[in-house]
Amino acid sequence: MDLAQLIVLTLAAGTPLVYAALGELVTEKSGVLNLGVEGMMLAGAVTSFIVAATTHSAWLGVAAGMAAGAALSLIFGVLTLSLMANQVASGLALSLFGIGLSAFAGLDYVSVVIEPITPLDIPALTNLPVVGKMLFGHNPLVYLSIVLLMAIEWFLYRTRAGLIVRAVGESPQSAHAIGFPVARIRYCAVMFGGACAGLGGAYMAVAYTPLWVEGMTAGRGWIALALVVFATWKPWRILAGAYLFGGVTLAQFQAQGIGVDIPSQYLSMLPYLATIVVLAIISRDAAAIRLNAPASLGKPYHPDS
Amino acid sequence: MLKLEARPEPSRVAGWLSPLLAAAATVVVGFILFTILGKNPWLAFHAFFIKPLTTQYGVGELLLKATPLMLIAVGLAAGYRANVWNIGAEGQLTMGAIFGGGVALYFQQSASPLLLPAMLLAGIAGGMLWAAIPALLRTRFNANEILTSLMLVYVATLTLSLLVHGAWRDPEGFNFPQSRMFGDAALLPILVADTRLNIGLPLALAVVAMAWVFMRRSLAGFQMRVAGLAPAAAIYAGFSSRRTIWLGMLIGGACAGLAGVGEVAGPLGQLLPSASPGYGFAAIIVAFVGRLHPLGIVLASLLMSLLYLGGESAQINLAMPAAVTGLFQGTLLFFLLAADVFIHYRLRAVRGPARGARLLDPH
Chain A
1 MDLAQLIVLT LAAGTPLVYA ALGELVTEKS GVLNLGVEGM MLAGAVTSFI
51 VAATTHSAWL GVAAGMAAGA ALSLIFGVLT LSLMANQVAS GLALSLFGIG
101 LSAFAGLDYV SVVIEPITPL DIPALTNLPV VGKMLFGHNP LVYLSIVLLM
151 AIEWFLYRTR AGLIVRAVGE SPQSAHAIGF PVARIRYCAV MFGGACAGLG
201 GAYMAVAYTP LWVEGMTAGR GWIALALVVF ATWKPWRILA GAYLFGGVTL
251 AQFQAQGIGV DIPSQYLSML PYLATIVVLA IISRDAAAIR LNAPASLGKP
301 YHPDS
Chain B
1001 MLKLEARPEP SRVAGWLSPL LAAAATVVVG FILFTILGKN PWLAFHAFFI
1051 KPLTTQYGVG ELLLKATPLM LIAVGLAAGY RANVWNIGAE GQLTMGAIFG
1101 GGVALYFQQS ASPLLLPAML LAGIAGGMLW AAIPALLRTR FNANEILTSL
1151 MLVYVATLTL SLLVHGAWRD PEGFNFPQSR MFGDAALLPI LVADTRLNIG
1201 LPLALAVVAM AWVFMRRSLA GFQMRVAGLA PAAAIYAGFS SRRTIWLGML
1251 IGGACAGLAG VGEVAGPLGQ LLPSASPGYG FAAIIVAFVG RLHPLGIVLA
1301 SLLMSLLYLG GESAQINLAM PAAVTGLFQG TLLFFLLAAD VFIHYRLRAV
1351 RGPARGARLL DPH
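Printed below as a string of structure tokens:
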């Protein structure tokens, strides 16, 4: 396998994590910890797949997947932001619910074939020597994820609205005192995170694999949560982390291809083990985590209390 | 307009009413869902909640499935009370199944009465070992136990898969990914004839009682509850947060490991690629619905077990997908969390938004 192909595959494998982790990053920047990423990804995946299969438009599926992720996150938002429920428990509930819902909704679509979103193929560019495939051979949704990253970086650190989101995440009390609608801002951040997770799931279902299998995200939602910590809440580092994990995920498919005789389970464990190791290394410096994490992360906020 | 107003102190009544409210709301959602799917909701209700309990065998199944749920939930609750978020019970259960099952396979020919206790201890050790990893990573490296314990679920499941596809596969099993059947001495004795209910249930109830005594009557249990209710007070009082984390994780792991070996030495009788239909995750819901209280957990485990049985019954009688169980489990937890708002807040009617707040608007 040549280098260009390796890069294309690594980016393709890392992209669901880019979407999901970027969405969660924005949610967490507003001070809300949503552990329901896995459930929202699966809801996005199954919805996009069903819509793609019935309308024959994969792009419409992507839009529907984003809407499904946002809709699920809205439930979480109502629980945690309006009803002041515990964010950890609500996020877990969202994951369990999304896993159940997607399995239920996708039953009739398990062996359905759809017209997927395929990688770019612009002969003049993609066939360029050396850099052709590397630069122009990716799936459109891979490019979109990088555009999204730049947009989020710009929004959070270059706009007034982004500053307000971060202020709400650092100190909702102060933000409220100045007159910002804390709950409304957090609702927006939560739903943005949901839409991104849904988009990540949709990418898996209508572009990356492209098929629907129960529980097909296989823990990527949880890995995305770990990636946000790994990235110390900085958007660009998410990209690095996601592609690193994309590469690890690839190992399980590639090792057999090059004739390494090792049970597949060992290789399947790698992404999870890598997550644990990386999380431990990054979290070791407790002071750095405290410094970078939004100060009010995970704490409910009610103006009365 | 209605507004949430903080109660001066949490309402105990609301705390115990909330699970009932949540269960009722879940049933209503079920009715709506069945109607949308074109099933008669009354028939579906009957198939889901009544039919499984009409036979002695059915009641035995209810208690059989409730056993691992209450066992795991009571272990998790000890941690949750102390703000230790172990959500990897499914993995600890799987490790318990592997360790306990491993002993059974290693002593395949044994008829010793010590075999079963040895298996149970091995299962507990397996669960504790698996829970010790997140505890170590949390206390030594500050790594979030939610994520590490969950990642280890996948590792444990893959380990079990590795074993039943490889080293421990039954040589006479036609290449199916499963171990040999355990010998009789490795199986939990049946409690009621003509059912699959085994002595795991009284064992689990004993563990629940022990957990209650530990959390209510021991100093370590008290320190854990303080750590959960008032972390700052726990630090001020000099309670070791490390010990809280270790205890919270290990108790959860031990209970889940015991539940895991209980499955392989009980209804399964051998090692299969999966040791449980998601008991480790369902037990999280059981712990919350049961208010993290031993008695509540026992009741909640029966409800959750009924959801499992109802799902199977609806599959057979109504051609409903079994996945509906997972859907109801999540719905139940949602409603519970929503209803819990009334523990700390009450509704108060107010006349429009306060005008004075406008003065502070920066624009």
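So the protein lines, in turn, are chains A and B.
Residue 1 is where the first sequence starts when you use the numbering used here, and the numbers rise one by one after that.
Residue 1001 is where the second sequence starts when you use the numbering used here, and the numbers rise one by one after that.
Yeah, the Cβ is synthetic: ideal placement off N, Cα and C, and Gly gets one too.
Nothing here was measured: the structure is a model prediction, and the numbers come from that model.
Give the DSSP-derived three-state secondary structure of residue i in the structure shown.
i: residue 1345 of chain B; result: strand
i: residue 28 of chain A; result: helix
i: residue 153 of chain A; result: helix
i: residue 1020 of chain B; result: helix
i: residue 1275 of chain B; result: coil
i: residue 297 of chain A; result: coil
i: residue 287 of chain A; result: helix
i: residue 1005 of chain B; result: strand
i: residue 75 of chain A; result: helix
i: residue 1144 of chain B; result: coil
i: residue 1036 of chain B; result: helix
i: residue 1198 of chain B; result: strand
i: residue 1190 of chain B; result: strand
i: residue 1172 of chain B; result: coil
i: residue 1165 of chain B; result: helix
i: residue 230 of chain A; result: helix
In chain order, what residues of the same chain have a beta carbon less than 7 Å from the beta carbon of residue i, not counting five sequence neighbours either side?
i: residue 239 of chain A; result: 18, 149
i: residue 125 of chain A; result: 132, 136
i: residue 1358 of chain B; result: Low confidence applies here, because residue 1358 of chain B scores a pLDDT of 45, under 50, leaving its location unreliable and the question unanswered by this model.
i: residue 1072 of chain B; result: 1089, 1093, 1255, 1256, 1259, 1279, 1280, 1283
i: residue 272 of chain A; result: 219
i: residue 1245 of chain B; result: 1084, 1135, 1138, 1139
i: residue 270 of chain A; result: 248, 251, 252
Going by other Cβ atoms of all chains shown within 10 Å of its Cβ, with 16 needed for buried, is residue i buried or exposed?
i: residue 179 of chain A; result: exposed
i: residue 87 of chain A; result: buried
i: residue 29 of chain A; result: buried
i: residue 157 of chain A; result: exposed
i: residue 1106 of chain B; result: exposed
i: residue 56 of chain A; result: exposed
i: residue 1006 of chain B; result: exposed
i: residue 1130 of chain B; result: buried
i: residue 1164 of chain B; result: buried
i: residue 1182 of chain B; result: buried
i: residue 1218 of chain B; result: exposed
i: residue 187 of chain A; result: buried
i: residue 1235 of chain B; result: exposed
i: residue 3 of chain A; result: exposed
i: residue 258 of chain A; result: exposed
i: residue 245 of chain A; result: buried
i: residue 1081 of chain B; result: buried
i: residue 1168 of chain B; result: buried
i: residue 1161 of chain B; result: buried
i: residue 975 of chain B; result: The requested residue 975 of chain B is not part of the displayed model; chain B covers only 1001 to 1363.
i: residue 111 of chain A; result: exposed
i: residue 292 of chain A; result: exposed
i: residue 123 of chain A; result: exposed
i: residue 1145 of chain B; result: buried
Rounded to whole angstroms, how far is the Cβ of residue i from the Cβ of residue j, which I believe are closer than 8 Å?
i: residue 202 of chain A; j: residue 65 of chain A; result: 3 Å
i: residue 1282 of chain B; j: residue 1069 of chain B; result: 6 Å
i: residue 24 of chain A; j: residue 193 of chain A; result: 5 Å
i: residue 176 of chain A; j: residue 303 of chain A; result: 6 Å
i: residue 117 of chain A; j: residue 141 of chain A; result: 6 Å
i: residue 1227 of chain B; j: residue 1239 of chain B; result: 6 Å
i: residue 1132 of chain B; j: residue 1185 of chain B; result: Not confirmed; about 29 Å, so no contact.
i: residue 308 of chain A; j: residue 100 of chain A; result: Residue 308 of chain A cannot be examined here, being either before or after the span of chain A that is shown, 1 to 305.
i: residue 1263 of chain B; j: residue 1097 of chain B; result: 6 Å
So, for residue i: in the same chain, excluding its five sequence neighbours on each side, which residues have a beta-carbon less than 8 Å away from its beta-carbon?
i: residue 60 of chain A; result: 51, 52
i: residue 109 of chain A; result: 46, 49, 50, 53, 212
Below 6 Å CB to CB, which residues in the same chain sit around residue i once its five sequence neighbours on both sides are set aside?
i: residue 1188 of chain B; result: 1198, 1199, 1200, 1265, 1266
i: residue 243 of chain A; result: 10, 14
i: residue 295 of chain A; result: 170
i: residue 267 of chain A; result: 251, 252, 255
Assess contact between the segment 1055 to 1066 of chain B and the segment 1183 to 1203 of chain B, defined as three or more Cβ pairs (one per stretch) separated by less than 8 Å. Is contact present? yes
Looking at C-beta atoms only, is the number of pairs between the segment 1278 to 1298 of chain B and the segment 1119 to 1126 of chain B that lie closer than 8 Å three or more? no
Pairs of beta-carbons, one from the segment 1331 to 1343 of chain B and one from the segment 1040 to 1047 of chain B, closer than 8 Å: are there three or more? no
For the 8 Å Cβ check, are there 3 or more pairs between the segment 1297 to 1304 of chain B and the segment 1313 to 1320 of chain B? Output reads no: the segment 1313 to 1320 of chain B does not touch the segment 1297 to 1304 of chain B.
Counting Cβ pairs closer than 8 Å, one from the segment 69 to 84 of chain A and one from the segment 154 to 173 of chain A, do we hit at least three? no
Does the segment 95 to 108 of chain A come close enough to the segment 228 to 243 of chain A to have 3 or more Cβ pairs within less than 8 Å? no
Residues within the segment 89 to 112 of chain A neighbouring chain C, beta-carbon criterion of under 7 Å: The displayed structure is made up of protein chains A and B, and chain C is not among them.
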